[in-house]
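For reference, the structure is listed below as structure tokens.
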Amino acid sequence: HGKLRMTATNGFMLNSVDTELRCELKGFNAIIPNTAAQAIEVVFKGDEEIQLFQVGDGTSKKIVLKTDRLCWINYLVVGDFPNYQQLLASEATQRSAEIVVPRKEMVNAISRVLAVSNGPYVKVKFAGGVVTVLSPDEEQKEQIGVQELTEEAFPGVKNPEWEAGFSGDLLSEIVNRTP
66 HGKLRMTATN GFMLNSVDTE LRCELKGFNA IIPNTAAQAI EVVFKGDEEI QLFQVGDGTS
126 KKIVLKTDRL CWINYLVVGD FPNYQQLLAS EATQRSAEIV VPRKEMVNAI SRVLAVSNGP
186 YVKVKFAGGV VTVLSPDEEQ KEQIGVQELT EEAFPGVKNP EWEAGFSGDL LSEIVNRTP
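First residue of the sequence shown: 66, per the working numbering; consecutive thereafter.
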């Protein structure tokens, strides 16, 4: 589509962003080391036009970023980025739910369950208008009342329920950063 799409994962989260950057590469797929990706904003100025090239093959693939003032070369991670598109819902199947709970209560519930369970993971269940944070063995639990639930969140479903597992620290960070 002529625009640069960047996708990243840390093993728990998958983020994909369609940028406004013009990109003429077709099928360019590369894994840029995390340190190199973080260095890009330090090395290049925000208003610079950057040309992007991939050189080499096999185990010697490199990425070249070139501007009028410098040429920066970095090795790429050998291999292909996983097919993340199969994990993303298409517009036709995409559903979203908005369940609003008090942020501080949610973060405190996660912290209490993590502290008592001595494990890094929590389960989050939604049922009967209540969000419950549980330890994996479900011996520890904290309940939080829902402030708001969108009508279209679960169309045609009476008494919806769902359950998911998370890294407790990661979930706590996500809740803290959600506007």
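Ideal Cβ positions, reconstructed from N, Cα and C, are used throughout, including at glycine.
In whole angstroms, what is the alpha-carbon distance linking alanine 180 and alanine 174? Between the alpha carbons of alanine 180 and alanine 174 lies a gap of roughly 10 Å.
Thinking just about the alpha-carbon of each residue, which of Tyr140, Arg168, Asp112 is nearest to the one in alanine 100? Here the sequence assigns threonine to residue 100, which means alanine is not the residue at that position. Of Tyr140, Arg168, Asp112, the residue nearest in Cα terms is Tyr140.
Glutamate 238 versus valine 172 - alpha carbon distance: Glutamate 238 and valine 172 have their C-alpha atoms some 8 Å from each other.
Cβ neighbours of valine 240 in the same chain (closer than 7 Å, five flanking residues each side left out): Apart from the 5 residues on each side of it in sequence, valine 240 sits with its Cβ closer than 7 Å to the Cβ of Arg168, Met171, Val172 in its chain, given in chain order.
Nearest to glutamate 204 by CA position, among Ala192, Ser182, Lys190, is which residue? Measuring from the Cα of glutamate 204, the nearest candidate turns out to be Ser182.
Starting from the N-terminal side, write out each stretch of the alpha helix (DSSP H) that is 4 residues or longer and does not extend beyond the segment 166-228. Fully contained in the segment 166-228 are the following alpha helix (DSSP H) runs of length 4 or more, in chain order: 168-182.
Output the distance between the C-alpha atoms of arginine 177 and glutamate 163, rounded to the nearest integer angstrom. For arginine 177 and glutamate 163, the gap between their C-alpha atoms comes out near 24 Å.
In the structure shown, what three-state DSSP assignment does arginine 242 receive? Of the three classes helix, strand and coil, the one that applies to arginine 242 here is helix, per DSSP.
Reference alanine 229, options Gly184, Ala73, Phe191, closest by Cα: A check of alpha carbon separations from alanine 229 across Gly184, Ala73, Phe191 identifies Phe191 as the nearest.
In the DSSP output, what is threonine 72 paired with across the bridge? Paired residues: Ser81.
Which of helix, strand or coil DSSP assigns to leucine 236: The three-state secondary structure of leucine 236, taken from DSSP, is helix.
With DSSP as the reference, label isoleucine 105 as helix, strand or coil. Note: isoleucine 105 maps to helix in three-state DSSP.
For threonine 243 and valine 120, I'd like the C-alpha separation in whole angstroms. Taking the Cα positions, threonine 243 is about 39 Å away from valine 120.
Residue range of the beta strand (DSSP E) that includes leucine 141: Here leucine 141 belongs to no beta strand (DSSP E), and DSSP marks it neither H nor E.
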